[in-house]
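So the structure is just underneath, and the comments pick up after that.
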Amino acid sequence: MSFDYDLFVIGGGSGGVRAARVAAGENGAKVALAEEDRYGGTCVIRGCVPKKLMVFASEFSGMVGDAQAYGWDIQPGAFDWNTFHGKLVTELDRLEGIYRNILKNNGVESFDQRATVVDAHTVELADGTRKTAKHILIATGGRPVVPEFPGSDLAITSNEIFHLPKLPENILIVGGGYIASEFAGIMNGLGVKTTQFYRGEQILRGFDQEARDLICNEMRANGIDVRLGTSVVEMAKDGDKIRVKATDGTEDQFDVVMYATGRAPNADNLGLEAVGVERGRKGEIIVDEYSQTGVPSIYAIGDVTDRVNLTPVAIREGMAFVETVFKGNPTPVDHELIPTAIFTQPEMGTVGLSEEEAAAQEPVEIYATSFKPMQKAFAGGTDKVMMKLIVSQATRKVLGCHIVAPGAGEMIQLAGIAVKMGATKEDFDRTVAVHPVMAEELVTMRQPVRTA
Ligand code: NDP
4 MSFDYDLFVI GGGSGGVRAA RVAAGENGAK VALAEEDRYG GTCVIRGCVP
54 KKLMVFASEF SGMVGDAQAY GWDIQPGAFD WNTFHGKLVT ELDRLEGIYR
104 NILKNNGVES FDQRATVVDA HTVELADGTR KTAKHILIAT GGRPVVPEFP
154 GSDLAITSNE IFHLPKLPEN ILIVGGGYIA SEFAGIMNGL GVKTTQFYRG
204 EQILRGFDQE ARDLICNEMR ANGIDVRLGT SVVEMAKDGD KIRVKATDGT
254 EDQFDVVMYA TGRAPNADNL GLEAVGVERG RKGEIIVDEY SQTGVPSIYA
304 IGDVTDRVNL TPVAIREGMA FVETVFKGNP TPVDHELIPT AIFTQPEMGT
354 VGLSEEEAAA QEPVEIYATS FKPMQKAFAG GTDKVMMKLI VSQATRKVLG
404 CHIVAPGAGE MIQLAGIAVK MGATKEDFDR TVAVHPVMAE ELVTMRQPVR
454 TA
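Each residue of the sequence shown is one higher than the last, beginning at 4 in the working numbering.
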C-alpha cells in the first residue's frame, strides 16, 4: 500500500518538530506536520523560553542594592512592562520563524491547521482534506487546567501571564508546583505584590524536603506572601479587582489571579478513541517504552503521554522514535536520573532521589551544607544556598544531588553527568575543588550530617 507520507506528525512543539526534522533531514523520509497554533509549542511560545526571559528581567531588581553595596552609585528605576513585552513578542516571533525554517529546510511539509486521526494511517486536516501516512506521531503537548469553582473563570493561566496588558499592582498565584513557584518569584522581582496559595504543607511536592523548605523560606524573605495549607473558596469580580475568599478565612482583593494547578494532556477530540488508541486516567496517551501506542502505526511523544513533562525529554522521545522506526534500531527512552532546574528565586537544580525517597529505598548518608554565598554576604545579604548529596551506604553511589543557589540549573547539568555515570561519593571527593565558587562544596563535604 502506498501512502502520501512516511510520517505525519501532529503538533509542532519541541518533540514533534525534532522528530519531523530528523526523520526527513537525516533519514530521507517523506514527512508532513500539522500545527493548529504557533510553531515551537509550549516551551518556546508560552513556557520555558519566555519564562526564563521573565526570570532574567525580574532578577535585576535585587542587583541594584547589591551593586550599591559594592560601591556603585546607581539608583533603582522603574520596570517598564511595555518595553520588555515588546521585545519578548519580537523574540518569540523570531524563534517561531526558526522552527518553521527548520521544517522547511529539512523538506517537511507543514500545514497550519488542526489535524485529527481518522484511522491507523489517515489524518484529516481542519479544511477536510485527508492525508495518509505509514506512521502517525502525536506530539500535541499539554495545556493548563483550572479547577471548577465559583468565579474560576476569572483566573488566568501561564498561557496568559506573558501577555498581560499591564503589570498588576498585586497578584495571587495558586499552586505549589514548578510554574506557580517560578512565577511567584518573577512577579515579586518585577515589583508586583505577590501572594501564593498552596493547599499542601510545603511547595514543590516531590522534591527534597530540605530544599523545599529553604526555597520557601527564601521566597518569603524576598517578600512573597506564601500561604501554605490555603486554597481559594470562591472568587468574584469587584470593580477592576478580583475578590478572593480563602480557606484560611481571609478575603483579599487582587488585580490578577493566576492558577498553576497542573497541566492536562492535549488528547481530546483527536479521534483517538475511534481508532482504538488507549488513554489513561488523566487523558494521557498510553505508550510503551518505544512511544508506540496499541495501534502499531501510531506513536506519541512528549507531554501528551504524561511521562516526564520536560522539553528535553520530549526531544529525546522524538529522537528515539526516529531511531526505532526509521533506522530499524529499537531504542527505548531512558527516563532515569533526569537532571532538572526549577527557576524559583533561589533557583534549584536537582538530579536523582530526594533524601526521603532514598531513605525509603535503602540506608543512606546525607552530606549537606547551607551557607551565605560570598557575593551576597559581602553586600550584607542574608540569602542562603544549599548543596546536598544523598549517598548509598551500600554502594557509595551518589543517589541524589540537590542544589539551591543562583546558577543551580547550570551546575546540575554537570553534576548530572557524574550522577548518571554512577559516581560514588569518593569520586566526588577525588575531584579537586574549584575555588572560590559555591559548587566547590559539592566536593569538600567530608562528614555526613546524618544517616537515614
Ligand atoms: P505541577 O503538577 O508541578 O503542580 C501543580 C500544583 O498545583 C501542585 O502544587 C498541586 O498541588 C496544585 N494543585 C493541583 N490541583 C489543585 C487544585 N484543584 N487546587 C489547588 N491546587 C492544586 O504543575 P505545574 O502546572 O506547575 O507544571 C506542569 C509541569 O510542567 C511540571 O510538572 C513540569 O513537568 C513542567 N514544568 C517544568 C519546568 C521546569 O523544568 N523548570 C517549569 C514549568 C513547568 P499538590 O502538590 O497538592 O498536588
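Don't be surprised by glycine CBs; every beta carbon is placed ideally from N, CA and C.
The beta carbon of P333 sits closer than 7 Å to those of Y293 and T327, all from its chain and outside the five residues before and after it, given in chain order.
Separation of N225 and T197 (C-alpha to C-alpha, rounded to the nearest whole angstrom) is 10 Å. Here F431 is buried. Its C-beta has 16 or more other C-beta atoms within 10 Å. If you check the CB distance, M238 and I164 do not come in under 8 Å. The criterion of a C-beta distance shorter than 8 Å is satisfied by T125 and R133.
Beta-carbon to beta-carbon, A267 and V148 are separated by about 5 Å, close enough to satisfy the 8 Å threshold. Rounded to the nearest angstrom, the gap between the Cα atoms of V34 and N191 is 45 Å.
A Cβ-Cβ distance of about 6 Å is found for the pair V307 and G144, placing them in contact under the 8 Å criterion.
By the Cβ-count criterion, P439 is exposed, with fewer than 16 other Cβ atoms from all chains shown falling within 10 Å of its own Cβ. The three-state secondary structure of M351, taken from DSSP, is strand. Between the C-alpha atoms of D115 and A37 there is a straight-line separation of about 6 Å. The three-state secondary structure of S113, taken from DSSP, is strand. DSSP places P439 outside both helix and strand once states are collapsed to three, so it counts as coil. Under the DSSP definition of a beta bridge, D122 partners with T125.
Between the alpha carbons of M390 and D211 lies a distance of about 12 Å. Exclusion of the five residues before and after I176 leaves A183, F186, A187, Q199 and M261 as the residues of its chain whose Cβ lies within less than 6 Å of its Cβ. Sequence-distant partners of R202 (beyond 5 residues in either direction) whose C-beta falls short of 6 Å from its own C-beta, in its chain, are S234. Within a 10 Å sphere around the beta-carbon of E350 sit 16 or more other beta-carbons, which makes this residue buried.
Per DSSP, reduced to three states, the secondary structure at F63 is helical. Around the beta carbon of I420, fewer than 16 other beta carbons sit within 10 angstroms, so the residue counts as exposed.
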